[in-house]
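Sequence lines, in order, name chains A and B. Counted from 1, the first sequence has number 438 at position 438 by our numbering; the numbering is strictly sequential. Every number in our numbering is 472 more than the matching position in the second sequence, counting from 1. One structure below.
Number of protein chains: 2
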Amino acid sequence: MSLTFTRGSVIAVAMGLALSGTAQSQTAPYAAQQAAAGQLRDKALKGSIAFELVESLTTEVGARPAGSAAAHRASDWAVARFKALGYDKVTVETFPVPNWQRGIETAEVTVPYPQKLFITALGGSVATPPLGLSAQVVLFKRFDDMLAQPEGSLNGKIAIVTERIVRAQDGGGYGAGYRIRGLGAAEAAKRGAVGYMLRSLGTDSHRVPHTGSMTYDPAGTKIPAAALSNPDADLLEHMTDRAVPVTVKMIVTPTFGPDLEARTVVGEITGREKPEEIVVIGGHLDSWDLATGAIDDGAGVAITMATGKQILDRAERPRRTVRVVLWGAEEIFKAGAAFAKAHASEVDRHIIGSESDFGGGKVLKLALPAGLTDRAFAEALGRAVTPAGVLMERTPALGGGEDLMEINAMGMPVASLRQDGMDYFDWHHSPDDTLDKIKATDLDQAVAAWSAFTLMVADSAVEFRAPKTAAK
Amino acid sequence: MSLTFTRGSVIAVAMGLALSGTAQSQTAPYAAQQAAAGQLRDKALKGSIAFELVESLTTEVGARPAGSAAAHRASDWAVARFKALGYDKVTVETFPVPNWQRGIETAEVTVPYPQKLFITALGGSVATPPLGLSAQVVLFKRFDDMLAQPEGSLNGKIAIVTERIVRAQDGGGYGAGYRIRGLGAAEAAKRGAVGYMLRSLGTDSHRVPHTGSMTYDPAGTKIPAAALSNPDADLLEHMTDRAVPVTVKMIVTPTFGPDLEARTVVGEITGREKPEEIVVIGGHLDSWDLATGAIDDGAGVAITMATGKQILDRAERPRRTVRVVLWGAEEIFKAGAAFAKAHASEVDRHIIGSESDFGGGKVLKLALPAGLTDRAFAEALGRAVTPAGVLMERTPALGGGEDLMEINAMGMPVASLRQDGMDYFDWHHSPDDTLDKIKATDLDQAVAAWSAFTLMVADSAVEFRAPKTAAK
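See below:
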């Protein structure tokens, strides 16, 4: 999961999809679909293949940055798995991605208290000189404090921002803090800084820095940028609180090369009545390079592949086609545009989409598109998922995931199955994103929620696009 | 804290120091001492200087392996602090220690699933060839499974043991698992292995391996030895569960040099009536090289220095002398013998000793020496500490800390103030041993317990040695 909270931060007008508390009657219009969804839900709650899938991907492939040899092993893995699971059609969509390779990354305080620091370069950062960059630091406890500084005020300095992100179940703290990573180096360079470091966008207290993408001002100076582990950010605060000059030496040596080929893998379950109508679910196959990518996003890959398997195991295919899409370059924001471009001619036939990209925790809430007007369907879907512990969100979905942003902008409605992310940013984008952070029973619950949702939308004729109104 | 549980594992015969439940009467023989101890306790609970001390040591010095330049900065820091706090006498005791320097440490699975592993060399390990050691691994989920293998069965292999230690409030899991680290390389080499790795002796699930000392069989082959982080041990289990050959490449390049000089710093509070009678408290000033040494043992240094300060702040000195000893080489088991040797002529005048070396958690229990026969004193001491949340242990102390082992063996009685170590082995000996793991209020509680204990034993004439009985 990367940048959903900021890139998708358009505030939609709530459509007021308040769900009434009316008791389920035998004449409910979607009773049969609800019952079928309930069967899949309960089957998943008894155990799904999701944990086995994420165990396999993290063990046999591990870290798989977009376009890398490992990413190609991951796409081979996905193709083989889709076929073995009995998906009706498996395709691979390729597209170019930038080639940024991490190098050495070390840092230390040299004056006045020599100590080692744990850092990691941000994705896209330029390198320091090979023997490092030594400079006095200027530390800001709030990002806004740095933004308040005039041009030239950081000349020759390494700027450090140690603002903490807020722990929140919905991950909102990451969205609020994102600019510190994404824009910090550009803003520091504007003020004359020669290097930039931030406290990791992580809620943990371990010596594991969290990487992630950042962007430079194309017209500005590009300065090396790295994340400090939380304890190291604390240490620098303690040192600078003493009001003595602190000098840090940082070495990061990433390299850039010719574009690589990324691969998005699609497993299709072809609809029995309306095969041309497409429901998209999925996760992203690429990961950062520091860990095995269990929660980001092996979990989403596993949840949605297992959801497809649940649907394949039924006696008949759903009315509409279900595509499980494993995007090949989410972390660097390239897969969504490539996907939208590849499917531009069939956007109108994409009924609804949703990406699972928030770890392996339980699904707590389901938000539906603003365009849905069939209240009875929403109520039946609510009754299908609530026994698994999922409540219906009272406001419409704002985004369906990073990789669906562009096709959503082209008109495909999106839903959001919101997971418990209370611990997600303890591990996200850090070496700690490993299999032990996932509970099989939580994954099974997520498969239950995704199965009920996917079957009900695929095995119906419900529309999620807002009805077209005549221009006034 | 290092090896207390194994080196001190002599099972003492319980003396049956059962504390009666009799109500406190106004004629209690130690009522005045108990009241004075209670005043120090309550003062500490309102706030002590302990957190400020550990913040200072970890910020201004940080990692301080025995004999290093940083350890010398730490001893300078301790001398200056003791003087500034008004201790009556400050001395430095020097002694030689081995010189082992960590080098590069990397590892990776090369076949069949290329993945990086997070390792750290064990203290005292020999190096691999500079370009690394590549070999097929043989993984044992229990150490005893490796011990059951015949000689020659591991020829040319890297032996890996992934047994987990048990999380326990008293740290007993570390004691039970210690041999896996201490003796594993020697046992693997006996069976023909060319390298050895173990799951870190840590209860966490982070990508931070835990180092620590190990010993070779002097007559055996010395093979390189390293600890894997817990998630990496899991990963290797998952790979080897597939019953395919797994090859690992490890590089560790530690070096050995001429002995270094370690320094133990002693701050004395000279007794007003019996200055020749000595009560020893303290912690160890050295730390491992991977972190700032906050819990191991900046906390113990801070707790006992602050305890001394509490006693110094009283209107008069206690009857006996109190020495706060900051040992200079606990992690490599050298300070205790040097201390016993330096004080061999005055062992009989060492009334009692205790070392604080189990982190920054609350003191939960106080165990007194088996030789104490003055039941009224034990009861009064119990009543002095219990309001701080400290219970009296019903069995005698088995050890007073790693650095007191030798002088204890020479006759000095020891007490044990047992802390809550439920989380201690999440961080111990790893890069995660940093200041954020310590709560100031917990340190203050420990200072309260140590202050009540120290004042009561120093401001009394109570004996802790078992009375001598005539030979039969």
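Ideal Cβ placement from N, Cα and C applies to all residues, glycine included.
Residue i by DSSP, collapsed to three states: which one?
i: Gln-101(A); result: strand
i: Arg-320(A); result: strand
i: Gln-621(B); result: coil
i: Leu-133(A); result: strand
i: Tyr-668(B); result: strand
i: Arg-272(A); result: coil
i: Glu-393(A); result: coil
i: Gln-917(B); result: helix
i: Asp-297(A); result: helix
i: Asp-459(A); result: coil
i: His-815(B); result: coil
i: Pro-114(A); result: coil
i: Arg-651(B); result: helix
i: Arg-679(B); result: coil
i: Met-711(B); result: helix
i: Pro-939(B); result: coil
i: Asp-892(B); result: coil
i: Ser-520(B); result: coil
i: Leu-611(B); result: strand
i: Thr-764(B); result: coil
i: Lys-806(B); result: coil
Could you check whether the Cβ of residue i sits closer than 7 angstroms to any Cβ belonging to chain A?
i: Pro-681(B); result: no
i: His-901(B); result: no
i: His-710(B); result: yes
Buried or exposed, going by whether 16 or more other CB atoms sit within 10 Å of the CB of residue i?
i: Glu-745(B); result: exposed
i: Thr-58(A); result: buried
i: Gly-755(B); result: buried
i: Phe-339(A); result: buried
i: Asp-289(A); result: buried
i: Gly-220(A); result: exposed
i: Gly-103(A); result: exposed
i: Ser-345(A); result: exposed
i: Gln-608(B); result: exposed
i: Ala-546(B); result: buried
i: Asp-713(B); result: exposed
i: Gln-33(A); result: buried
Let me make sure I understand the geometry here. Which of the options has the alpha-carbon closest to that of residue i?
i: Ala-193(A); options: Gln-169(A), Gly-156(A), Glu-93(A) and Leu-326(A); result: Gly-156(A)
i: Glu-105(A); options: Ala-315(A), Pro-130(A), Ala-78(A) and Val-390(A); result: Pro-130(A)
i: Thr-742(B); options: Leu-525(B), Thr-563(B) and Arg-553(B); result: Thr-563(B)
i: Arg-465(A); options: Arg-349(A), Ala-233(A) and Ala-148(A); result: Arg-349(A)
i: His-710(B); options: Lys-365(A), Val-54(A), Asp-297(A) and Ala-226(A); result: Val-54(A)
i: Ala-302(A); options: Tyr-178(A), Asp-444(A) and Ala-28(A); result: Asp-444(A)
i: Pro-114(A); options: Asp-433(A), Pro-245(A) and Val-97(A); result: Pro-245(A)
i: Ala-461(A); options: Phe-377(A), Thr-120(A) and Val-248(A); result: Phe-377(A)
i: Leu-372(A); options: Glu-402(A), Tyr-87(A), Ile-352(A) and His-206(A); result: Ile-352(A)
i: Ala-397(A); options: Ala-367(A), Ala-225(A), Leu-435(A) and Val-385(A); result: Ala-367(A)
i: Gly-421(A); options: Tyr-196(A), Gly-202(A), Leu-147(A) and Val-79(A); result: Gly-202(A)
i: Lys-834(B); options: Arg-553(B), Ala-912(B) and Ala-620(B); result: Ala-912(B)
List the residues of chain A that residue i touches, going by C-beta distances under 9 angstroms, in chain order.
i: Ser-677(B); result: Asp-432, Thr-434, Asp-436 and Lys-437
i: Gly-534(B); result: Val-109, Tyr-113, Pro-114, Gln-115, Lys-116 and Leu-235
Which chain B residues sit within Cβ distance under 8 angstroms of residue i?
i: His-72(A); result: Ordered by position in chain B, no residue passes the 8 angstroms Cβ test against His-72(A), which lies about 12 angstroms from the chain.
Starting from residue i, find everything on chain A with Cβ-Cβ shorter than 8 angstroms and list it in chain order.
i: Met-722(B); result: Chain A residues near Met-722(B): none, gap ~17 angstroms exceeds 8 angstroms.
Residue i touches chain B at which residues, Cβ-Cβ below 9 angstroms?
i: Thr-59(A); result: Tyr-585, Gln-587, Leu-707, His-710, Met-711, Asp-713 and Arg-714
i: Glu-273(A); result: Chain B residues near Glu-273(A): none, gap ~42 angstroms exceeds 9 angstroms.
Would you say residue i lies against chain B (beta-carbon separation less than 7 angstroms)?
i: Pro-231(A); result: yes
i: Ser-9(A); result: Interpretation of Ser-9(A) is limited by its pLDDT of 36, a score under 50 that renders its predicted location unreliable; no figure is taken from the coordinates.
i: Ala-18(A); result: Any reading at Ala-18(A) must be qualified, since the residue scores a pLDDT of 40, below 50, and its modelled position is unreliable; the value itself is stated next. So, not an interface residue.
Can you pull the chain A neighbours of residue i, defined as C-beta to C-beta under 7 angstroms?
i: Glu-527(B); result: His-238
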